[in-house]
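Protein chains: 2
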Amino acid sequence: MKARATETQRKTRIQMENEERILDAALEEFSVHGFRGATIDRIAEHAGMSKPNLLYYFRRKQDIYESLIARLLVKWLEPLQELDAVGDPLPELQSYIRRKLEMARDFPRESRLFANEILQGAPRIKRLLESELKPLVDEKAEVLKGWMKAGKINPVDPRHLIFSIWSTTQHYADFDVQVQVILGPDRGAAGRFEDAARYLETLFLEGLRPNEKTVAAPRPLEG
Amino acid sequence: MKARATETQRKTRIQMENEERILDAALEEFSVHGFRGATIDRIAEHAGMSKPNLLYYFRRKQDIYESLIARLLVKWLEPLQELDAVGDPLPELQSYIRRKLEMARDFPRESRLFANEILQGAPRIKRLLESELKPLVDEKAEVLKGWMKAGKINPVDPRHLIFSIWSTTQHYADFDVQVQVILGPDRGAAGRFEDAARYLETLFLEGLRPNEKTVAAPRPLEG
DNA sequence: CGAAATATTGACTGTTTGATAAAACTCTAT
DNA sequence: ATAGAGTTTTATCAAACAGTCAATATTTCG
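Protein sequence lines, in the order shown, are assigned to chains V and H.
Mapping the first sequence onto our numbering, position 40 (from 1) lands on 40, and the numbers just tick up by one.
Mapping the second sequence onto our numbering, position 102 (from 1) lands on 325, and the numbers just tick up by one.
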């Protein structure tokens, strides 16, 4: 009888299809206008169904939003999860950066939804950040510290290092309009992506100060 | 008679005071909830005046928003304006990064307002970005290219370099909640700022690959 | 002072919004 | 085919919303 009951009940074909359509439409709206700015009417319209019908699947606006955020966070943490302690430090970081950049390219709406929520002070997911995000970052910060102690990467604050990877990569999703205005229409989306990837690789590996190290002759050093 | 007339008329003491209070309250609301999510009622309440009184100074919601954005953009471009072509490249970049970081620290609401607008696709300021921001970036990109040709900084895409400075610094304003969750309460705001400044200096100058160059022995190289 | 200019308020309007109830319809499994 | 679960619609509501208006209060300045 009740579709949205918490009971352990398997979902109908129609239920799965409609929930999918609703969440997709909601992602479109919430990611652009934030929680308050988005309206059920527009989400329903975008999903091609009546408002009461939408509310049959998700009782309240907030329920849609929370479903969206929950599934988002899992996907969002994947790249960092994959950062491998036993891998080679620099290539490992490099591929982390690339994975994050790919996510910005392939899931810009998810990136914006997340940005919007944090921008608003994360009222609805602060708990989740503390229970899910923080422990993961703590764990990976230790991995980075290990690499630094072994002299494999420059000794810096590992958490700020992670921030800089997040911010530089997500920038291409969150600030896409601005990026396009500045880069102009010359290069398409694919070109912009490759330019960004190449630049970030140089930035994170070499920095901006020029010298001969770019020929990449690894020399073991103290500390 | 009309306070909000476009006529060249000087403003009353009360007018200036109230417009200031309104804009400050509006910044608070718009920066968190975006244009749609913010309401005139809340802005009026925050400004300590009745809604009709607020609407006496700004006829429409959009007028407040546009006033806010207009004055914001000018301030926002200042640091980049100051990037000096005749200065020493690396210190010049370093102080640009620091100025941006200081703005993120001192004007987080402005940063969030801007982020919110861009996230929404910049519907209200795309024109301004094209007419104000793009030419400035183009100009400074040329400056950076000059430095690269002179071998003063590593040859990278200058526009992406600018993006990375914007994103890494503004991250501390826009994603402040997340930053605080991850860094924990140990270090206060001032400590976080100094840590960020130190980290970004290392990142942008040295990158993460460790080697002996940190002793900073400038050697002229081929172009 | 006192009159004109400016500022503030309360009462109101039409619309949008989140949400509900009940009736009508459709699908699915027997 | 049909009963019952599942789905959709029509009609509706109260609150929140942007914005207006005329009346009242306050400030400014000759």
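Positions of the beta carbon are idealized from the N, C-alpha and C atoms, including for glycine.
Note that the C-beta distance between residue 206/V and residue 430/H is below 8 Å.
Under the Cβ criterion (8 Å, minimum of three pairs), the region 358-365 of chain H counts as touching the region 303-312 of chain H. One Cα belongs to residue 399/H, the other to residue 269/H, and the distance between them is close to 22 Å. Contact between the region 278-292 of chain H and the region 311-331 of chain H is absent: fewer than three C-beta pairs spanning the two stretches fall below 8 Å. Rounded to whole angstroms, the separation of the alpha carbons of residue 199/V and residue 375/H is 17 Å. Chain V places no beta carbon closer than 8 Å to that of residue 269/H, leaving this residue out of the contacts. In summary, the residues of the region 80-102 of chain V whose CB is separated from some CB of chain H by less than 8 Å are 90 and 93, in the order they occur in the chain.
Excluding five sequence positions before and after residue 28/V, the CB atoms of its chain that fall closer than 7 Å to its own CB belong to 46 and 109, given in chain order. Rounded to whole angstroms, the separation of the alpha carbons of residue 132/V and residue 48/V is 34 Å. Under the 8 Å criterion on CB atoms, residue 164/V is classed as interfacial with respect to chain H. If you draw a 10 Å sphere on the C-beta of residue 391/H, you find 16 or more other C-beta atoms in it, and that means buried. Counting of Cβ neighbours within 10 angstroms places residue 12/V among the exposed residues, the total staying below 16. Annotation for residue 44/V: 50, 51 and 54 place their beta carbon closer than 7 Å to its own, counting only its chain and skipping 5 residues before and after. Judged by DSSP in its simplified three-state form, residue 208/V adopts coil rather than helix or strand. If you check the CB distance, residue 359/H and residue 406/H do not come in under 8 Å. Neighbours of residue 22/V across chain H, judged by C-beta separation under 7 Å, do not exist; the nearest C-beta is about 20 Å away.
Its chain contains 254 and 397 as the residues whose beta carbon lies nearer than 6 Å to that of residue 335/H, once the 5 sequence neighbours on both sides are disregarded; these appear in chain order.
Residues of chain V with a Cβ closer than 9 Å to the Cβ of residue 357/H are, in chain order, 181, 182 and 184. Note on residue 410/H: under 16 other CB atoms within 10 angstroms of its CB, so exposed under the neighbour-count rule. For residue 392/H, the uninterrupted alpha helix (DSSP H) segment begins and ends at 381-397.
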